[in-house]
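The next block holds one structure in the form of structure tokens; read it before the comments.
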Amino acid sequence: MHLKKITLCLMGLSLSACSSHVIKNNNLNDNKSTSQRAIQGFNALYEYPSFDYRGQVNVQFVSEQKENKATKNEVKKLDKVVEQKVNQYLKEQKIMITEAQRKDLYHAIASQNNPSFRDFFGKGADYMQSILNDLQIQYDGSVNYRQKIASFNLDTKYKKPNLSVEMRIPTIIDLNNQRFYTHIFSLMPYLANPQDQDKYAYLDFSKYKDDIERVNAKALLEFLKQSGATTYLLASPDQLETMSLNTVEKQSGIVEKIRLKTSLEELFLQGNLYTSVNRQYFMTSVLGFNSSNLAKNVDEAEDSKSKSTSAATEHTEIDATSAMYQLYEAINRTAHSELEEEGEGDLVTQNHTDNERETVDEETEATDDSENTTQLLTEQQCDDLAKSKSNVRFGDVKYCQAQHEIDVLSDPADQGELLVENTQQKQNRTALTQKFTALAQDQLVDAAQFKQLWDQYQSEIDASLPPKNQRNPMIVDLSLDAQGRVVKADYDMEMDFGKYDRQLKIKMDMQISNYGKATAIDQQALKEAKPFKEVFKGSFMEKAVGGFAGDLSTSDKKSDQKNLSLDEHLQQLATQVYTQTNSYEKAYKAVFIAKLTAEKPVLIKQYSAKDLQEIAAIYAYSYSDEEVYNPSGQALKQIEALKTKHHLEEDEQYDDELGNAIDGIITQAMTSQKSTAEILNLAKKYKTAEAVFAQYYMQQFGLENTVEKDQRTKLNKTAQILAKSYTAFKNNQFNNTVVAGLDENAAEFIDYDLYKKTYQVVSDAKLK
2 MHLKKITLCL MGLSLSACSS HVIKNNNLND NKSTSQRAIQ GFNALYEYPS FDYRGQVNVQ
62 FVSEQKENKA TKNEVKKLDK VVEQKVNQYL KEQKIMITEA QRKDLYHAIA SQNNPSFRDF
122 FGKGADYMQS ILNDLQIQYD GSVNYRQKIA SFNLDTKYKK PNLSVEMRIP TIIDLNNQRF
182 YTHIFSLMPY LANPQDQDKY AYLDFSKYKD DIERVNAKAL LEFLKQSGAT TYLLASPDQL
242 ETMSLNTVEK QSGIVEKIRL KTSLEELFLQ GNLYTSVNRQ YFMTSVLGFN SSNLAKNVDE
302 AEDSKSKSTS AATEHTEIDA TSAMYQLYEA INRTAHSELE EEGEGDLVTQ NHTDNERETV
362 DEETEATDDS ENTTQLLTEQ QCDDLAKSKS NVRFGDVKYC QAQHEIDVLS DPADQGELLV
422 ENTQQKQNRT ALTQKFTALA QDQLVDAAQF KQLWDQYQSE IDASLPPKNQ RNPMIVDLSL
482 DAQGRVVKAD YDMEMDFGKY DRQLKIKMDM QISNYGKATA IDQQALKEAK PFKEVFKGSF
542 MEKAVGGFAG DLSTSDKKSD QKNLSLDEHL QQLATQVYTQ TNSYEKAYKA VFIAKLTAEK
602 PVLIKQYSAK DLQEIAAIYA YSYSDEEVYN PSGQALKQIE ALKTKHHLEE DEQYDDELGN
662 AIDGIITQAM TSQKSTAEIL NLAKKYKTAE AVFAQYYMQQ FGLENTVEKD QRTKLNKTAQ
722 ILAKSYTAFK NNQFNNTVVA GLDENAAEFI DYDLYKKTYQ VVSDAKLK
């Protein structure tokens, strides 16, 4: 989609290469095809050092049918059969939750099972629909490759007989100085300090400077050009049309208008496959990732994914993560940065070693399992099982779905042909993406080569798309000037949300002007800008947010409880049951029934409460760490027998996503309880949060690493300084001098993951 290309162009301002390209005065009378002229016109955006743009967006949500008023206000309830089984399950497991908790949990599960327009778009869906339909959106800005800077200004207007609201939100991204500027108080200027109401606030992202500078400018420029060219090169003759011009268009300098008639499905598939076949090239040749920095980024991404589900814990983790990165940057500026890199290398090596151990363990388990092989179902057997639905074992449900793409519990009458067809299309798209990914090499597949692949796999591509009459249409009109450059682009698209009885219509136009002579951005205004924290300091906004936070924490507990998401309910349930029973198995079983009911209620109907308890016990054993839950003797024999009964003997018969997700929830509940208990015990001896931080850090470091006697003094000194940094972060007083006492010898005692963990558990304990 060209909108994506514009965005990439704006974000890729580090491309000094753009400034060196000068487009030639191309004549439209040249013997070029319609698609070639369109490609040439759009690529002008990359071949001039600067340009201005402006346009408007119109969004319309259209109701396809009126919702029944009773349905609109209906409270979601569980299916009666499902509710009875869940109640029986909880009763037999002696899981004690209050009636209010039970109702809230069941409501969250039922809402998950029965999505509506309001659930999907929020509680104020109709209200937001009305606002969107009446909202006028305009935008403008400029791009300057040479200065590596771009602006985007958003204007919105909402007018009714008794209400008129207008606002303009200017934003600027400066890759030269690694800053993002905005006029945040354009929304509500009276919330700012009077002296700052007309100033920009900025966010500094200089920590990503190395990543930005690593980008190969010329390679990215060529990638963007070829990516943009695919849309028109793949278009069939009946999808491209030269439109007649009206008087106004001719007077504005437009000499040709080319219309592309396509669909959102085609554009997304083209973009996905082009990205897949060029993934390796983009990562290595464009973004400049090698094996070492890629591993580091993957590790950071994995760390950022492990976030808490409760609001308070989530805030603490974000706070801890931010502190960890700031600490890393501060220490990295000191003279011992070289040793720090060695420390990180050891950490990566340790991670690889751990992974190798896990692989060996898994291979050993696989060998043991192979001695007692299970007769897995063939495709014909799965098909027969789907028809008869007789004696369906739990493991067979997952196996038939994963291996043969047969849903043995589905009701064809409920699905209809369209749903079956959509499922098949998704499977075809997945297979197609895998094929294109396998073709990826460290060299660019240009638009012409991609067209050859597209033609080669045309039959599979057609099978991956809905029938033409079921696709969401999109029309793009490109208007070109006498030099063959795009000067106007009009987008008209429709998205059908049949499941929610709504249709989304978006019309957008963009005008490009001043090629090579873009409007200058006010550099003086940028020099006067202040960081976000400084702009907010002492303002009414800071006081209001603080006051509201205090009120909410004490007076709105019931409202918070009702507004919890399903994940938050599950985490709360896990914590409560584990606290009551101190049992991994019981906590796992409690969350298992709740999560399975939310995601696959048909399975709850299929099996008895006793069967579900047995299946939950098998899953708890299969997905737990041996150190956490490792039954033996008669208990283990019983689980092995139950595996055979429910056909859960092979890996392919398990739902890994379900099993691992529940294990993660229980592990988090256990870790949180254990850490909090340890912190509170330390607090009895060490009276301040800073002292507790240092002691906890040293204890945990000693558990994970071997510390010799002559190293303990150095570890203690390092922990004390890290504890001081914790106090400084909490008081918003952290700076480089806080960690200035860390010398080269301290590097081996700094574990950033442990620092983050310690920061979080001490914060959660709310010590003074």
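Oh and the sequence shown: position 19 is 20 in my numbering, straight run, nothing missing. Glycine included, every Cβ here is placed at the ideal spot set by N, Cα and C. Please read all numbers here as calculations on a predicted model, not as lab measurements.
For residue i: DSSP bridge partner residues
i      : result
Ser143 : Asp53
Pro171 : Asn154
Met244 : Lys258
Arg503 : Ser64, Phe498
Val58  : Ile138, Met509
Thr183 : Thr172, Ala202
Ala490 : Leu479, Met511
Thr520 : DSSP output for Thr520 lists no bridge partner at all.
Val740 : Partner(s): none; Val740 has no beta bridge.
Ser131 : Beta-bridge pairing links Ser131 to no other residue.
Thr582 : DSSP output for Thr582 lists no bridge partner at all.
Val166 : Tyr159
Whole-angstrom C-beta distance between residue j and residue i, which should lie under 8 Å
i      : j      : result
Asn261 : Ala236 : According to the sequence provided, residue 261 is Leu. The question's Asn does not apply to it. Between Ala236 and Leu261 the Cβ distance is about 6 Å, and since that is below 8 Å, they are a contact.
Val144 : Ala519 : 7 Å
Leu723 : Tyr756 : 6 Å
Ser480 : Ile666 : Not a contact, Cβ separation roughly 54 Å.
Met475 : Leu265 : 5 Å
Arg472 : His647 : Actually they are not in contact, since the Cβ atoms of Arg472 and His647 sit about 42 Å apart, beyond 8 Å.
Tyr49  : Gly517 : 5 Å
Val536 : Tyr585 : About 48 Å; that fails the 8 Å criterion.
Ser286 : Ala220 : 5 Å
Ile213 : Leu246 : Not a contact, Cβ separation roughly 42 Å.
Val693 : Val603 : Going by Cβ atoms, the distance from Val693 to Val603 rounds to 49 Å, so no, they are not a contact pair.
Same chain, Cβ closer than 6 Å to residue i, neighbours up to 5 away in sequence not counted
i      : result
Lys158 : Gln137, Glu167
Ala670 : Ala575, Thr576, Tyr579
Asp156 : Gln139, Arg169
Ile174 : Ala151, Phe181
Gln94  : Lys590
Phe290 : Met284
Beta-carbon proximity list for residue i, same chain, < 8 Å, skipping 5 on both sides
i      : result
Glu653 : Leu377, Lys399, Tyr400, Ala403, Gln404
Asn154 : Tyr140, Asp141, Gly142, Arg169, Ile170, Pro171, Thr172
Ser560 : Legend: pLDDT at Ser560 = 44, less than 50; position of this residue unreliable, value from coordinates given subsequently. Counting only Cβ-Cβ distances below 8 Å, and skipping sequence neighbours, we find nothing.
Residue i classed as buried or exposed, judged by whether at least 16 other C-beta atoms fall within 10 angstroms
i      : result
Lys73  : Below a pLDDT of 50, predicted positions are generally treated as unreliable, and Lys73, at 46, falls in that range; the measurement from the model is reported next regardless. Exposed, since its Cβ has fewer than 16 Cβ neighbours within 10 Å.
Thr99  : exposed
Asp432 : According to the sequence as given, residue 432 is Ala; it is not Asp. Counting Cβ neighbours within 10 Å, Ala432 comes out exposed, since fewer than 16 surround it.
Thr360 : Here the model assigns Thr360 a pLDDT of 46, short of 50, so the residue's position is not dependable and the matter cannot be decided.
Ser34  : exposed
Ser566 : exposed
Leu91  : buried
Asp664 : buried
Met244 : exposed
Gln588 : Here residue 588 turns out to be Ala, not Gln, going by the sequence shown. Buried.
Leu704 : exposed
Gln41  : buried
Thr645 : exposed
Ser207 : exposed
Lys86  : buried
Tyr209 : exposed
Met325 : buried
Ala439 : exposed
Close Cβ partners of residue i (< 7 Å) along its chain, the five nearest in sequence each way excluded
i      : result
Lys226 : Asn44, Tyr47
Gln696 : Leu683, Tyr687
Ser253 : none
Asp463 : none
Asn273 : Thr434
Asn429 : Glu461, Ala464, Ser465
Ile110 : Leu79, Leu567, Ala595, Thr598, Ala599
Phe62  : Gln130, Leu133, Asn134, Arg503, Leu505
Within-7 Å CB hit, residue i to chain D
i      : result
Ala720 : Among the chains in the structure shown there is no chain D, since it carries only a single protein chain.
(request) Could you tell me whether the segment 683 to 693 touches the segment 740 to 747, using the rule of 3 or more Cβ pairs below 8 Å? (result) Cβ pair count under 8 Å is below three, so no.
(message) Any contact between the segment 669 to 686 and the segment 601 to 618? By contact I mean 3 or more CB pairs, one from each, below 8 Å.
(response) The count of Cβ pairs closer than 8 Å, one atom from the segment 669 to 686 and one from the segment 601 to 618, stays below three, leaving the stretches out of contact.
(message) Can you confirm whether the segment 264 to 281 touches the segment 194 to 214 when touching is taken to mean that 3 or more C-beta pairs between the two stretches lie within less than 8 Å?
(response) Touching, no, given that fewer than three Cβ pairs across the two stretches are closer than 8 Å.
(message) Under 8 Å: do the segment 709 to 723 and the segment 664 to 679 share three or more Cβ pairs, one atom per stretch?
(response) Segments in contact, no.
(request) Evaluate the contact criterion for the segment 615 to 629 versus the segment 639 to 650: three or more CB pairs, one atom per stretch, below 8 Å. (result) Touching, per the Cβ criterion.
(message) Within 8 Å, do at least three Cβ pairs link the segment 453 to 470 to the segment 211 to 225?
(response) Cβ pair count under 8 Å is below three, so no.
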